[in-house]
DNA sequence: TAAAGCTACGCAATCGATTGTGTTATCAAT
DNA sequence: ATTGATAACACAATCGATTGCGTAGCTTTA
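Residue numbers (the numbering used here), protein chains in the order written: chain Z, -12 to 338; chain B, -12 to 338.
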């Protein structure tokens, strides 16, 4: 099988008796090329099925038209939606998106960053691994002025652009909602504290309790490093069997909240009347569980689009604005898992 | 801000008073380079933080170490898991993965294929858009001997490697299971017929009915082009209000099945005793719905890994085996949505 | 009519790594 | 001491596209 050589600008140049540079310029619609020549080049290029060699162009121009993405996993509702958003705007602007996953491991994250750096990506979008507390592996991008945008799970001590949701406010709203439903003993199922999203949701939770003069009971604040379905069951078992059972639970994700509801049902605890529950993320499962789970909406696709926009627009820009945090609002979705028939006390004022 | 030039083999060569070719060979552990020279080169490369320019190497060697993926969407449980699998094996072999989504549109699929072709990918993994019935846009890959592997939603008239599940058998098993539970009037919620997966699931369904001498009623066979949640409701409404209501329903995906169950519950139809239901995919929601949904397991991550393996191993291989279909087995998961207490009639023999 | 200004294009270097083809030492063998 | 073999490296072309600079030819202007 003979290798069919690709058509190059040289082939076209030779055939038209012009120079390769003329062909190159004609193809790029350069002003200094005559109309006739331009037309002839375009025509022949079309005929010969000319495909520009982006690799060669990349080498010369030092641009790859590619951005990279590092996320913990890609097969999770929130993250896959986020990546979907990234792909949409990148695609629209003619950029490729290279993905990689850290599996929540620091080592993988470092390895992925290194690989992407080697691939000469022009921008990087990262949602941090659960494990990561050191962020040096991103410095080489910044030093080379390659924009790095963090999304959702972001570091706090690095000077760059971040796209996040207002986790604090969301945590506050969720908790406040439970309070307004008459809950007074509210537990929180949270993630690891060193990860901004979980810390802030908890902070919001604590702040709400404070604002409404409710006691903060450390026994009701759980820190889980997984927030998986299994963890959800384990935690549910613990919380619902406490001597003084909580009457409201704010979970930092839907997965754990759903497991908790399932467990509650299995032991005859009434949701929402015995215990009101609210989750986080608005995963598909939240609408399926019975009773449907109240939750917080994450604008995942939007976040992806925004992150991509940030990365792409940061390019060849002066570094006046080095750091920036874009904070998106969330929305509280009240469903049956937390909607009580009881009228909240009048003493409670809306914030 | 001064542009820091990257360290090249020329820099290293100059500093060591050797030629760039020697540096290149030393870095690649070529045999014709002396130990001392090799060591010196490696040492200096390390010191200077040399990063090989993959673009330049690509241009010369005509290899990009990149594969492309085109899927309808990426934010769907099955597909994101599939991509996750692709990424894992590609990453392990040092390949990048560029993703793109067709949004189930033929036009997008064509555009994506074109873009990826331009990006000089070395392999392509595709799950077809719902719309696509023409596959010419993949021919240019095949002509250039770039491996194309189709996954799950595959064309039937193209000569290349495919990774699929045994949809026919799965459809058969699902239907047979309903029959064994005593259902005699079984409906099927299917997808568009021109898409292999849906056609085959339906074929399996029909075959099972035939084998057990049940009548095939066209009114009970629905073709939906979305199989969305909304469609599920619409179809549920239709099916459950038929004069002769079906007593079993096999849905080609979980989304529609779950909607159907929800609707059934809302109108007081007992699942599984009035109507037994089975879905397809084992989406997370299938375990959350009450009663839990029986379904068919798709080995999504495995399929992704396999597809990637196929693509990567097909390279620089002679084209002896041009076409190959790898068919994976599925598993029937019986949950409460289809488990009846009734003993199936003795007349029913297992296949 | 000569100087100045365009128009339309060609030349050749460049981006870095790779690789086929030399070219020198060095050493063993006769 | 001469030859052939081998080790260790250098040269230079190559992969295609891009681009700063240069120039021939034609037009315009004083």
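A virtual CB, placed ideally from N, CA and C, is assigned to each residue, including glycine.
Quiz item: So, is the C-beta of residue 74 of chain Z closer than 8 angstroms to a C-beta in chain B?
Solution: yes
Quiz prompt | Residue-chain proximity (residue 70 of chain B, chain Z), Cβ-Cβ < 8 angstroms | solution = yes
Quiz prompt | Chain-ordered chain B contacts of residue 275 of chain Z [CB-CB under 7 angstroms] | solution = 245, 272, 275 and 276
Quiz item: Below 8 angstroms, can you find three or more Cβ-Cβ pairs linking the stretch 137 to 144 of chain Z to the stretch 111 to 119 of chain Z?
Solution: yes
Quiz item: Assuming residue 97 of chain Z contacts residue 35 of chain Z under a Cβ cut-off of 8 angstroms, what Cβ separation, rounded to an integer in Å, is found between them?
Solution: 45 angstroms between Cβ atoms; not a contact.
Exercise. Determine the closest residue to residue 195 of chain Z out of Z:166, Z:249, Z:213 and Z:32, with distance taken between C-alpha atoms.
Key: Z:166
Quiz item: Would DSSP call residue 124 of chain Z helix, strand or coil?
Solution: helix
Quiz prompt | residue 279 of chain B versus residue 244 of chain B - alpha carbon distance | solution = 11 angstroms
Quiz item: Closer than 8 angstroms, CB to CB, is residue 67 of chain Z near chain B or not?
Solution: yes
Quiz item: Which residues in chain B sit within 7 angstroms of residue 28 of chain Z, going by Cβ to Cβ distance?
Solution: Residues of chain B passing the Cβ test: none, with the nearest at roughly 19 angstroms.
Quiz item: On the premise that residue 267 of chain Z lies in contact with residue 223 of chain Z, defined as a C-beta separation below 8 angstroms, what is that separation, rounded to the nearest angstrom?
Solution: That pair is no contact at about 16 angstroms.
Quiz item: If residue 84 of chain B and residue 293 of chain B are in contact, beta carbons under 8 angstroms, what's the gap, nearest whole angstrom?
Solution: Not really, about 15 angstroms apart at Cβ, beyond 8 angstroms.
Quiz item: What's the gap between the Cα of residue 81 of chain Z and the Cα of residue 182 of chain Z?
Solution: 33 angstroms
Exercise. Measure the Cβ-Cβ separation of residue 66 of chain B and residue 53 of chain B and say whether it is below 8 angstroms.
Key: no
Exercise. May I ask which residues mark the beginning and end of the beta strand (DSSP E) holding residue 249 of chain Z?
Key: Premise fails: residue 249 of chain Z lies in the alpha helix (DSSP H), 241 to 253, not in any beta strand (DSSP E).
Quiz item: Can you find a C-beta in chain Z that's less than 8 angstroms from the C-beta of residue 43 of chain B?
Solution: yes
Quiz item: What do you get for residue 126 of chain B, buried or exposed, if any count of 16 or more other CB atoms within 10 angstroms of its CB means buried?
Solution: exposed
Quiz item: Is it a yes or a no for the stretch 129 to 139 of chain Z touching the stretch 161 to 175 of chain Z, going by three-plus beta-carbon pairs under 8 angstroms?
Solution: no
Exercise. Quick one: measure Cβ to Cβ for residue 71 of chain B and residue 60 of chain Z, integer angstroms, because I've assumed they're closer than 8 angstroms.
Key: 7 angstroms
Exercise. List the endpoints of the continuous beta strand (DSSP E) containing residue 117 of chain B.
Key: Neither: residue 117 of chain B is in no beta strand (DSSP E) and is coded neither H nor E.
Self-check item: Closest residue to residue 360 of chain Z among Z:147, Z:188 and Z:230 (Cα-Cα distance)
Solution: Absent from the structure is residue 360 of chain Z, since the part of chain Z shown begins at -12 and ends at 338.
Quiz prompt | Proximal residues of chain B, C-beta to C-beta of residue -8 of chain Z below 9 angstroms | solution = None at all; the shortest Cβ gap to chain B is about 10 angstroms.
Practice problem: Could you tell me which chain Z residues have their CB closer than 7 angstroms to the CB of residue 83 of chain B, listed as they occur along the chain? | Solution: 85 and 106
Practice problem: Taking all protein chains shown into account, decide if residue 229 of chain Z is buried (16 or more other Cβ within 10 angstroms of its Cβ) or exposed. | Solution: exposed
Quiz item: Does residue 51 of chain Z come within less than 8 angstroms of chain B when only Cβ atoms are used?
Solution: yes
Quiz item: If we ignore side chains and look at the alpha-carbon of each, how far apart do residue 109 of chain B and residue 50 of chain B end up?
Solution: 7 angstroms
Quiz prompt | Where residue 303 of chain Z falls, given that 16 or more other Cβ within 10 Å makes a residue buried | solution = With a pLDDT of only 47 at residue 303 of chain Z, under the threshold of 50, the placement of this residue in the model should not be trusted; the figure read from the coordinates follows. Exposed, because fewer than 16 other Cβ atoms sit within 10 Å of the Cβ of residue 303 of chain Z.
Quiz item: residue 324 of chain Z: buried (16+ other C-beta within 10 angstroms of its C-beta) or exposed?
Solution: buried
Quiz item: Can you name the residues that DSSP bridges to residue 263 of chain Z?
Solution: Z:235
Quiz item: Taking only beta-carbon atoms, is residue 88 of chain Z less than 8 angstroms away from chain B?
Solution: yes
Quiz item: Where does the unbroken alpha helix (DSSP H) through residue 311 of chain B begin, and where does it stop?
Solution: Where residue 311 of chain B is concerned, there is no enclosing alpha helix (DSSP H), although the beta strand (DSSP E) it sits in stretches over 311 to 315.
Quiz item: Taking all protein chains shown into account, do 16 or more other C-beta atoms lie within 10 angstroms of the C-beta of residue 314 of chain Z, making it buried, or fewer, making it exposed?
Solution: exposed
Practice problem: Pick out whichever of B:264, B:214, B:299 and B:16 has its Cα sitting closest to the Cα of residue 180 of chain B. | Solution: B:214
Quiz prompt | Given residue 92 of chain B as reference, the closest of B:0, B:212 and B:152 once Cα atoms are compared | solution = B:212
Quiz item: Secondary structure at residue 323 of chain B, three-state DSSP: helix, strand or coil?
Solution: coil
Quiz item: Using CA coordinates, which residue listed in Z:56, Z:64, Z:148 and Z:225 is at the minimum distance from residue 311 of chain Z?
Solution: Z:148
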